[in-house]
Amino acid sequence: MTYTHLTREERYQIHALRRQNISPAVIAAQLNRSRSTITRELNRNAGAQGYKPARAHERARARQRARRNARQFNAQQWSQVHRYLRLELSPEQVSGRLRLEGVLTISHECIYQHIYDDKRKGGELIKHLRCQKVRRKRYGSGQERRGTLKDRLCIEQRPAIVDTRSRMGDWEGDTVVGKGHQGVLVTLVERKSRYTLAQQLDSRHSAGVTEAVIALLRPHKHLCETITFDNGKEFAEHAFIAASLGADVYFAHPYHSWERGLNENTNGLLRQYFPKCTNLRRVSQHEVDDALYRLNHRPRKCLNYRTPHEVFMGLEIRPLH
Numbered sequence: 001m002t003y004t005h006l007t008r009e010e011r012y013q014i015h016a017l018r019r020q021n022i023s024p025a026v027i028a029a030q031l032n033r034s035r036s037t038i039t040r041e042l043n044r045n046a047g048a049q050g051y052k053p054a055r056a057h058e059r060a061r062a063r064q065r066a067r068r069n070a071r072q073f074n075a076q077q078w079s080q081v082h083r084y085l086r087l088e089l090s091p092e093q094v095s096g097r098l099r100l101e102g103v104l105t106i107s108h109e110c111i112y113q114h115i116y117d118d119k120r121k122g123g124e125l126i127k128h129l130r131c132q133k134v135r136r137k138r139y140g141s142g143q144e145r146r147g148t149l150k151d152r153l154c155i156e157q158r159p160a161i162v163d164t165r166s167r168m169g170d171w172e173g174d175t176v177v178g179k180g181h182q183g184v185l186v187t188l189v190e191r192k193s194r195y196t197l198a199q200q201l202d203s204r205h206s207a208g209v210t211e212a213v214i215a216l217l218r219p220h221k222h223l224c225e226t227i228t229f230d231n232g233k234e235f236a237e238h239a240f241i242a243a244s245l246g247a248d249v250y251f252a253h254p255y256h257s258w259e260r261g262l263n264e265n266t267n268g269l270l271r272q273y274f275p276k277c278t279n280l281r282r283v284s285q286h287e288v289d290d291a292l293y294r295l296n297h298r299p300r301k302c303l304n305y306r307t308p309h310e311v312f313m314g315l316e317i318r319p320l321h
């Protein structure tokens, strides 16, 4: 039989029966508990005025809270947790990745409590938690106000297999714009692996964006089946992109950002490194590559805590660096 802690109601029953001078053995039988459980309860939680059920229950709860999950981790184990937190992994990603590597089993809630305890002591671990800000959604009529791209293929014509994420080679593309339209990042995300590519440009002119998309995907041309863009004018040369890469190019509906939800989410992750107040003309490609390295080597829950790099490249699991 699985052991469970005594409840508040059981403690009131114990109190009532003891007032009738009923022995612990009989109380145990009536509550379907072991005799040692009742004896231990009376010895541990009785006060100077005898056994009081409300006070006994509070004492028991206090001991449970002080136990801190009944497990203490040593300095070396916490060092491993700290190392992954400083790689900007969330507590849930740290927990899942360490369990996947067979290094440590620890809950993400335990890691959060450790971080908050570290903050109270003046530590800096909390600085590595990603800030979640409220996003304002722009609601549109569903009509494209910037004009329609010529010969565009709507997402409704895209093969159904793309939605299943069962194959490698289906990409989503977009641009991240700097403060005051100063500079831009061209971003591409592979749907199955979440592997991300990006390039810094000074403007969103279609010629530069077209060149960047082709340059980013050319090394992975064998893994390029489809690309899904939004309706920005920077993708006006989509036919040339399709011909250069041997891929089919599709477009989401105007103001239906959820149809490229992965790309939108990834752009949000990039904003951790390049906030909206950033002039992207002043950002070097080296800085972009450093941010991409961190994203592509960050374990994802949706990938069973493997990294996009491991999935995209077909690599074995190794400790993160």
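First residue of the sequence shown: 1, per full-length UniProt numbering; consecutive thereafter.
Quick reminder that beta carbons are idealized off the backbone N, C-alpha and C, glycines included.
- With a cutoff of 7 Å on beta-carbon distance, Leu280 and Val184 are scored as near each other.
- Look at Gln200 here: in three-state DSSP terms it is strand.
- With a 10 Å radius around the Cβ and a threshold of 16 neighbouring Cβ atoms, Thr7 comes out exposed.
- Ser193 places its beta carbon 7 Å or farther from that of Phe274.
- Straight across, the Cα-Cα distance linking Asp170 with Tyr116 is about 40 Å.
- DSSP places Cys154 in the strand class (E or B) of the three-state scheme.
- Annotation for Leu262: the continuous alpha helix (DSSP H) segment containing it runs Gly261 to Leu270.
- Note on the segment 234-309: whole alpha helix (DSSP H) runs with a minimum of 4 residues are 238-245, 261-270 and 285-296, in chain order.
- Residue burial is scored here from C-beta neighbours: Asn21 has fewer than 16 other C-beta atoms within 10 angstroms and is therefore classed as exposed.
- Phe312 carries a helical assignment under DSSP once its states are collapsed to helix, strand and coil.
- Taking C-beta atoms as the reference points, Arg152 and Phe251 count as a pair closer than 7 Å.
- Taking Tyr12 as the centre and dropping the five residues before and after it, the same chain places the C-beta of Pro53 closer than 6 Å to its C-beta, in chain order.
- One Cα belongs to Val162, the other to Leu223, and the distance between them is close to 13 Å.
- Non-local C-beta neighbours of Trp258 in its own chain, meaning closer than 8 Å and more than five positions away in sequence, comprise Glu264, ordered along the chain.
- Using a Cβ distance threshold of 7 Å, Gln199 and Val186 count as a contacting pair.
- In the DSSP assignment, Asp174 falls within the beta strand (DSSP E) that extends over Asp170 to Val177.
- With contacts defined as CB atoms closer than 7 Å, Arg59 and Asn43 fail to qualify as a contacting pair.
- By alpha-carbon distance to Pro254, the top candidate from Ala56, Met168, Ile155 and His286 is Ile155.
- The beta-bridge partner set that DSSP reports for Gly47 consists of Gly50.
- From the listed residues Arg83, Glu109, Glu101 and Gln157, the smallest Cα separation to Glu124 is found for Arg83.
- Judged by DSSP secondary structure, Thr7 falls outside any alpha helix (DSSP H); it is assigned neither H nor E.
- Counting only the Cα atoms, Glu225 lies some 30 Å from Gln93.
- Beta-bridge annotation (DSSP): Phe229 is paired with Phe251.
- Straight-line measurement puts the Cα of Glu101 at about 16 Å from the Cα of Leu85.
- In this structure, the alpha-carbon of Leu245 lies about 11 Å from that of Leu216.
- Restricting attention to Ala29, Glu10, Arg19 and Gln80, the CA atom closest to the CA of Pro319 is found in Gln80.
- If you draw a straight line from the Cα of Tyr112 to the Cα of Leu129, it is about 10 Å long.
- Around the Cβ of Glu234, a 10 Å sphere holds 16 or more other Cβ atoms; the residue is buried.
- When the alpha-carbon of Arg99 is set against those of Glu10, Lys301, Arg218 and Arg204, the nearest one is in Lys301.
- Glu172 has its alpha-carbon roughly 16 Å from the corresponding atom of Glu237.
- DSSP, reduced to helix, strand and coil, places Leu129 outside both helices and strands of the structure shown, so it counts as coil.
- For Val184, the uninterrupted beta strand (DSSP E) segment begins and ends at Val184 to Glu190.
- Apart from sequence neighbours up to five positions away, the residues of its chain that approach Leu149 with a beta-carbon distance below 8 Å are Asn231, Lys233, Phe235, Ala236, His238 and Phe251, ordered along the chain.
- Residue nearest to Phe229 within the set Ala247, Ser23 and His220 is Ala247 (criterion: CA-CA distance).
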